[in-house]
Amino acid sequence: MKAFTYERATSVEAAARAAASVQGARFIAGGTNLLDLMKLQIETPTHLIDVNHLGLDRIEETPDGGLRIGALVRNTDLAADRRVRRDYAVLSRALLAGASGQLRNKATTGGNLLQRTRCPYFYDTRMPCNKRQPGSGCGALQGMSRSLAILGVSDACIAQHPSDMAVAMRLLDSAVDTMDANGARRSIPIADFHLLPGDTPQQETVLKPGEIITSVTLPRPIGGTHVYRKVRDRASYAFALVSVAAVFGKDGTARFAFGGIGAKPWRVEAADAAAGRGAKAVAEAALAGARTTHHNDFKKMLVERTLASVYRQREARA
Amino acid sequence: MKFDTPAGTNPIDQGRVIGIPHDRIDGPAKVTGTAPYAYERHDAAPNAAYGWIVGSAIARGRIAAMDLRAAESAPGVLGIVTHANAGKLGKGNFNTAPLLGGPQVDHYDQALALVIADTFENARDAARRVRIDYMPQDGKFDLAAERGNAVKPPEGDFGGAPDTAVGDFDGAFARAAVRIDQHYTTPDHSHAMMEPHATTAAWNGDRLTLWTSNQMIAWSVGEMARTLGIAKANVRLVSPYVGGGFGAKLFLRADALLAALGAKQVGRPVKVALARHQIPNNTTHRPATIQRIRIGADKDGVIDAIGHEVWSGDLPGGGPETAAQQTRLLYRGANRMTAHRLATLHLPEGNAMRAPGEAVGLLALEVAMDELAEACGVDPVELRIRNDVQYDPEAGTQRPFSSRKLVECLRAGAERFGWDRRKAKPAQVRDGRWLVGMGMASAFRNNLVGKSGARIGVDATGKVIVETDMTDIGTGSYTIIGQTAAEMLGVPLDRVTVRLGDSRFPESAGSGGQWGANSATAGVYAAAMALRAKLAEKAGYPADQAQFEDGLIRHDNESRTLAALAGREGVWAQDSMDYGDLDKRYAQATFGAHFCEVGVDIDTAEVRIRRMGGAFAAGRILNPKSARSQVIGAMTMGVGAALMESLEVDTRFGFFVNHDMAEYVVPVHADIPPQDVLFIDELDDKSSPMKAKGVGELGICGAGAAVANAIYNATGIRLRDYPLTIDKLLKAQAA
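Written out as structure tokens, the structure is:
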């Protein structure tokens, strides 16, 4: 860990201003990912701005019937919220499928969206990694890539986005609410929030320097049967090989989002459109353009199988 | 005391304290955080500076240049140890590569420097500023590719001759009515114990003290003396609490050596712990294996020919994974062969991990037996009963087993598990989204004994004190040693104080190879016999007739309290148990039978253990509570080996890629259902006066094969390439 300075921000505006004015500053919320990365010097912030005390820890109903989730709402609290459990069950289930109880007690809504890949080459600073050190190459492409992404990847990077929560957020068409250093607010559709690696895998979101996530807004509840199905190498406390978030409507429509396979939380319209034709058709649509290695080519099959399991669960619940 | 004839009736047979379930006596200290571990010895070594190890970024080559200037001028830095300033170092007998590398580099993350600073954070930051330029060399990292270059290794300290042969294996196998000939692979495994390797070191003149986390005190004193070129008498090693070892801490490792070198350089105590991500590549691991098993049997499954060949790799000078060990002793068959071949690999060094040999050997053998059972149409339990043998099948009837209750374990285990409900034909049972299957396997692990000593005394309050350099690596040594002393001297367990893990105490067998419990308590037995004689003499009673009970020594109608006899000075005795040739004349081993029921998801091929149980025969069970903990922990590790654990080798860079606990997955609570353990009554009078045998490793032996066989029974998919992960199951299903 490199030495750094620390401040406890007193307002959202001040936090954003400080972040924009200090080179190498980072916000710190739960710290469940950032601190680990700092210890390994994968992240080397010069200045930490603690945003834990800005009143961003509330869940409020929006005028149009949705829910605004403060960026600092802990994963545990969000998963347990009565409204979330009732109206956005897929989100609650996704949260509870992630990490451990201890981590969820600390991890925040905004931080979860910003968590970084678990690619093992990203995690070893002696290895090439374009995301960690642009231009150094990708260690994973010809290396051990069993856990890595098959969608949205590039020659520069095949890192996966590890979040469960973000997959549900993507399914629900959430919006990421931010404030920048000038106090300007914007609402970013989650579909546009994460960037694909392309030639610049180090750029992971559209956030500008200093821009801080203040909340995530869920639109009005969509009803239906909610399923989150996560497949991993052990029964708990592991990142997804494949996860599927799904909401089935009463009218036969459905929507799907995927974790463990994308450079970002993955959702394609064509997959939703194929809902009536079953798991195989949905998988085929979702996997359009998939690019696999010989370590992770099983994920294509596993997407189809996980979808089959999701359909089975839907039937059991209907 | 020498143990060279079978034990008769002795005080241990009273079974007042021994053989009764006891909570571990060190438990309260551990759960209240008052048991000090190696990295926390602020009490013993105040003002310690912090060391951080710089590991090699390449697998093989040489250091071209080291630039320490940026690190030396970093805040708080007190010194940097490298090969250039460490002085001439010897190499221990137990480590293959030097613990401090340079200029030659032998493996990835080999320690090349120790940066010492006033704080942990400063040391870690400064370590990042050490600049090393390398001249890399090509290396060999792929066991499958090197299999053809593997050679017959020299005989090691454990595991016997590399090759054995009896009768005419080739001929008998060729003639057999039923033949199984299959290859199996197991990957490299990491011990993944909870406490990392850690040491606090301090010098007082030329005398070195190490507070460390180590399983084998006397070995490691010797290794440190050998490496530093100093007298053993000048090395003190203290390791009273060890947060898990599984073989990772049998030996002197880099944390201890570099803490010692660092403390010397900066003239104050230095402490060093390995970071989690350093452990897989800096330290030892269980080597990957390729195994070929051939079994020839008659149509009823009775074995006539059995062959087991094993290929593994290690650094030059290293040793093989002796995975054919159990095949020499477990089943009958007049025609037999085993062979171990060793390839050169420039990966980090391989070495012992819980039940070296058998743990992975049985992953292969017991699946081969399942395949034989199916080929013959014989129930897997019955097949094993038919092939039971009461003598060493390589040596013949003149070398019987000291005790062998495999058949009893198979029968009792099957009964308890409800094995008769298993459908012989695979893929027949469905429960909701789960395909359900049952599998079983024999458990086998050698019983090793070793010389072990102790000192025991009674003080003026009648309290009994035991001191030995035996370690408790979470296994329950404190408690069984306390029980032994209590039994021998007729006091309750709470009147016994046990002190372990200090090289100032008498040398013990240490913790490894499941030899610790039986050997160390036998050492306490020997010392206690000597103390009983002294106390009897003081009381004026004949030693062979005096009774020890209720804190008293009795003879006829007289009695004296131990407290009174001890007086202000106390009475002390010291002895050790040494062994004759009973383990040569008799094959000594522990046995069991594992049973497992799995569910395999009909869609995703996720595997969940639904039930798991076993029956085990390991001589006298000294403390059924901690023995059960040992067995279920080992069964859990067997599940890990079957389903998930694998160090992944990057054959381009030559290192284990998944070197943290997020990527090297071990079972968590959600993976493990309630586990049932039955101990079969057994006293082995040829093992030691305790009539006990080892039990700490038996539980892992065969557990994973039972899982694999259950998966086959559930799905009809036979995988022979561990771990049996979702990707492999899906691919096999699709094929």
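Chains as they are written, first to last, in full-length UniProt numbering: chain A, 1 to 318; chain B, 1 to 735. Positions of the beta carbon are idealized from the N, C-alpha and C atoms, including for glycine. Computed from a prediction, not measured in an experiment: that's the story for all the values here.
- Per DSSP, Asn-130/A lies in no alpha helix (DSSP H) segment and is marked neither H nor E.
- Straight through space, the alpha carbons of Tyr-237/A and Ser-147/A are spaced by roughly 15 Å.
- Of the residues assessed, Tyr-123/A falls on the buried side of the cut-off, its CB having 16 or more other CB atoms within 10 angstroms.
- For the region 143-163 of chain A, the residues whose beta carbon sits under 8 Å from a beta carbon of chain B are, in order, Gly-143, Met-144, Arg-146, Ser-147.
- Counting C-beta atoms within 10 angstroms of its own C-beta, Asp-157/B has fewer than 16 neighbours from the protein chains shown and is therefore classed as exposed.
- For the pair Ala-59/B and Thr-82/B, the CB atoms are not nearer than the 8 Å cut-off.
- Residues of the region 200-227 of chain A with a Cβ closer than 8 Å to any Cβ of chain B: none.
- Just so you know, the alpha carbons of Gly-205/B and Leu-500/B end up roughly 26 Å apart.
- DSSP, reduced to helix, strand and coil, places Ala-44/B outside both helices and strands of the structure shown, so it counts as coil.
- Distance from the CA of Gly-619/B to the CA of Lys-731/B, rounded to the nearest whole angstrom, comes to 44 Å.
- Under the 8 Å criterion on CB atoms, Met-612/B is classed as non-interfacial with respect to chain A.
- Comparing C-alpha distances from His-277/B to each of Val-598/B, Gln-110/B, Lys-538/B, Lys-693/B shows the shortest one belongs to Gln-110/B.
- Under the Cβ distance rule, Asp-660/B counts among the residues neighbouring chain A, one pair being separated by less than 8 Å.
- At a C-beta separation below 7 Å, Met-644/B has these neighbours in chain A: Asp-233, Arg-234.
- Listed as beta-bridge partners of Thr-253/A by DSSP are no residues whatsoever.
- In chain B, no part has a C-beta under 7 Å from the C-beta of Phe-122/A; the shortest such distance is about 11 Å.
- Cα atoms of Ala-94/A and His-53/A: separation of roughly 26 Å, rounded to the nearest angstrom.
- Within the region 282-295 of chain B, contact with chain A at the beta-carbon level (separation under 7 Å) is assigned to no residue.
- Using a 10 angstroms sphere on the CB of Pro-197/A, the tally of other CB atoms reaches 16 or more, which defines it as buried.
- Comparing alpha-carbon positions, the option among Ala-288/A, Gly-276/A, Thr-200/A, Val-90/A lying closest to Met-169/A turns out to be Val-90/A.
- Runs of the beta strand (DSSP E) lying entirely within the region 112-189 of chain A and spanning at least 3 residues, in chain order: 175-179, 185-189.
- For the set Gly-76/B, Val-54/B, Pro-75/B, the Cα lying nearest the Cα of Gly-102/B is the one of Val-54/B.
- Of all residues in the region 256-270 of chain A, none comes within less than 9 Å of chain B when Cβ atoms are compared.
- Exclusion of the five residues before and after Ala-126/B leaves Ala-71, Ala-74, Val-77, Val-115, Ala-117 as the residues of its chain whose Cβ lies within less than 7 Å of its Cβ.
- For Thr-212/B, the enclosing beta strand (DSSP E) stretches over residues 207-212.
- A contact is defined here as three or more CB-CB pairs under 8 Å, and the region 581-595 of chain B meets this definition with respect to the region 397-414 of chain B.
- A straight line joining the alpha-carbon of Gly-31/A with that of Ile-18/B spans about 49 Å.
- At a Cβ-Cβ threshold of 8 Å, Leu-100/B and Leu-257/B count as neighbours.
- In this structure, the CA atom of Arg-554/B is about 6 Å from the CA atom of Ala-546/B.
- Boundaries of the beta strand (DSSP E) harbouring Asn-446/B: 434-446, taken from the DSSP string.
- Boundaries of the beta strand (DSSP E) harbouring Ala-165/B: 163-166, taken from the DSSP string.
- At least one CB atom of chain A sits nearer than 8 Å to the CB of Leu-730/B.
- Contacts with chain B at 8 Å (Cβ-Cβ) include Tyr-237/A.
- Listed along chain B are Leu-730, Ala-734, each with a C-beta nearer than 7 Å to that of Met-301/A.
- Around the Cβ of Tyr-228/A, a 10 Å sphere holds 16 or more other Cβ atoms; the residue is buried.
- Only Phe-239, Leu-241, Val-242 from the region 239-253 of chain A bring a Cβ to less than 9 Å from some Cβ of chain B.
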